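K.L.:
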Amino acid sequence: MAALYTCASTQFSITTNILHQPFLTYTFCRSQSPEPRPVPVHVEVTVQDIIELSVLSSSFTVDIWFSSIWHDARLAFAHLDPCRANLSFDDAFEKLLWSPNVCLVNTKSTEVHMSPKANVLLMVLPNGTVWLNYRASSKSFSSIKFGQKNVISDFETCPPRFLGRLERGSNKPRVAGQVRVKAPCDMDLTDFPMDVQKCYLVFESYSYNTATVNIDWMDDAVTFTREQLHLPDFILSNYTTYKHIEFYKAGEWYRLTVEMEFQRLYGFYILQMYLPTYISVFISWISFCIDTKGLPARIFLGVNALMALTFQVCINNIYFQ
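Mapping of the sequence shown onto my numbering: residues 327 to 647, in sequence order.
1. Does the distance from the C-beta atom of glycine 628 to that of serine 610 stay below 8 Å?
2. Rounding to the nearest angstrom, what Cα-Cα distance links valine 431 and glycine 593 in this structure?
3. Return the CA-CA distance between aspartate 643 and phenylalanine 637, expressed in angstroms with no decimal places.
4. Residues in its own chain within less than 8 Å of threonine 536 by CB, not counting five upstream and five downstream?
5. Taking the CB atoms as reference points, tell me whether threonine 433 and valine 507 lie closer together than 8 Å.
6. For the ligand MN, is there a heavy atom less than 7 Å away from the beta-carbon of tyrosine 604?
7. Is there contact between the segment 583 to 602 and the segment 520 to 536, where contact requires at least three CB pairs shorter than 8 Å?
8. For glutamate 361, name the three-state secondary structure that DSSP assigns.
9. What do you reckon, are the CB atoms on serine 531 and proline 426 nearer than 8 Å?
10. Drop a sphere of 10 angstroms on the beta-carbon of serine 394, count the other beta-carbons inside from all chains shown, and report buried for 16 or more, exposed for fewer.
11. Which residue's Cα is closest to the Cα of valine 450: Ala399, Thr436, Glu437?
12. Work out the CA separation of serine 414 and asparagine 408 for me, nearest whole Å.
13. So is glutamate 420 buried or exposed if we call it buried at 16+ other beta carbons inside 10 Å?
14. Across which residues does DSSP place alanine 664 in a beta bridge pair?
15. With 16 as the cutoff for other CB atoms within 10 Å, does alanine 509 come out buried or exposed?
16. Tell me, to the nearest whole angstrom, how far the beta carbon of tyrosine 286 is from that of threonine 583; I am working on the premise that it is less than 8 Å.
17. Measure the alpha-carbon distance for isoleucine 541 versus valine 367 and round it to whole angstroms.
18. Based on Cα-Cα distance, which residue from Leu635, Arg410, Asp546, Ser613 lies nearest to threonine 372?
19. What three-state label does DSSP hand histidine 597 in the structure shown?
20. When the Cα atoms are used, what is the spatial distance from phenylalanine 488 to glutamine 374?
21. Among the candidates Ser385, Leu423, Tyr604, Ile596, whose CA atom is the shortest distance from the CA of glutamine 358?
22. So for valine 629, helix, strand or coil by DSSP?
23. Mapping DSSP to helix, strand and coil, what is proline 523?
24. Rounded to whole angstroms, what's the CA-CA distance from asparagine 564 to isoleucine 376? Just pull it up for me.
25. Are there 16 or more other CB atoms within 10 angstroms of the CB of leucine 601, so buried, or fewer, so exposed?
26. Taking the straight line between their C-alpha atoms, what separation do you get for threonine 538 and glutamate 378?
27. Have a look at Met586, Ser383, Asp514 and flag the residue whose alpha-carbon is nearest the alpha-carbon of valine 528.
28. For threonine 351, I'd like the list of residues in its chain whose CB is within less than 8 Å of its CB, leaving aside the five on either flank, ordered along the chain.
29. How is the beta strand (DSSP E) around tryptophan 579 delimited, first residue to last?
30. What number of angstroms, rounded off, separates the C-alpha of alanine 462 from the C-alpha of alanine 404?
31. Under the rule that 16 or more other beta-carbon atoms within 10 Å means buried, what is cysteine 615, buried or exposed?
32. Along the chain, where does the beta strand (DSSP E) containing isoleucine 571 start, and where does it finish?
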């Protein structure tokens, strides 16, 4: 009972001490990395749903959970209060923290689900683990050129933190978010309707190059909330992840890429487009088997095939509007 009383009586005082530590207000700034060497940052993506794969706009839309994991020993407070399980703060404290700022760099737009009022939650665990929930809105990119490196001119265009989640047992700061992403997806329709399209999600640290952070995939880099994700026209057949260094005039940046392979479901196109067209063409060939004196019958078959093909073209135009 005495131990419980001691823990309860120190909750408010320890929070005040942590908030007013000199290193938080002076030396602990966002531009100062936790370590003198490149900070290891691990990234993972959880695909919740695939919303759209558009041929007209050459883009695809996907809902994902995006997580970044790194270690920052400066946030540990177990030595100050061994009884407290966590500390919760608002966005005012978040501005004091260092973040690797891992962003999706190839997106056309990024949307995070919002309430009528912005919801920001920052939770710090005793060992220095950070859980940050940031629900913000990201519109189309508005960037300027720095050599060949795009530099975001508005913070909201590439929010470094999103709506978060936390895994138990983690001893590293963790930033996670549920994000709806619309990214470009160049399509090759040479093999239509049996084509395979590849779309990409590209991650970089927008603020730090290879001298400051070393981003890499986790062991389970990409996971899915459902066993099979598919669209009316496509099914996700395969995915791969890889890492490489991107060279800019401003320096070298680590780049992580998720390559998603979509296979088209061609059954609809065979039944609704190719098969009726083939049948109409075959019917038109019957006129060659009719005697030359049967002119009305040959004209009827030719006109019938022409009308069928015209109708088929109109139906296809309606389908693909």
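We put the beta carbon where it would ideally sit given N, CA and C, even for glycine. None of these values were measured; they are calculated from a predicted model.
P.N.:
Checking against the coordinates, here is how it stands:
1. yes
2. 35 Å
3. Aspartate is not the amino acid found at residue 643; the sequence shown has asparagine there. Rounded to the nearest angstrom, the two C-alpha atoms are 10 Å apart.
4. Pro364, Ile571, Gly577, Glu578, Trp579, Tyr580
5. yes
6. This structure lacks the ligand MN; in fact it carries no ligand of any kind.
7. yes
8. coil
9. yes
10. buried
11. Ala399
12. What sits at residue 408 in the sequence shown is proline, not asparagine. Each residue's Cα considered, the two are about 16 Å apart.
13. buried
14. Beyond the ends of the chain as shown, which are 327 and 647, falls residue 664; an answer cannot be given.
15. buried
16. The first residue shown for the chain is 327 and the last is 647, placing residue 286 beyond what the model contains.
17. 4 Å
18. Asp546
19. Here residue 597 is leucine; the residue named in the question, histidine, does not match the sequence. Looking at leucine 597 - three-state DSSP - the assignment turns out to be helix.
20. Annotation note: pLDDT 35 at phenylalanine 488 (below 50); position unreliable, no value reported.
21. Leu423
22. helix
23. According to the sequence shown, residue 523 is glutamine rather than proline. Reduced to three states, the DSSP call for glutamine 523 is strand.
24. 14 Å
25. exposed
26. 36 Å
27. Met586
28. Low local confidence applies: a pLDDT of 44 at threonine 351 is under 50, so the model's placement there is unreliable, with the coordinate-based value given in what follows. Leu422.
29. 577 to 590
30. Note that alanine 462 scores 30 on pLDDT, short of 50, meaning its location in the model is unreliable; the coordinates nonetheless yield the value given after this. Distance between the alpha carbons of alanine 462 and alanine 404 is about 31 Å.
31. exposed
32. 560 to 574
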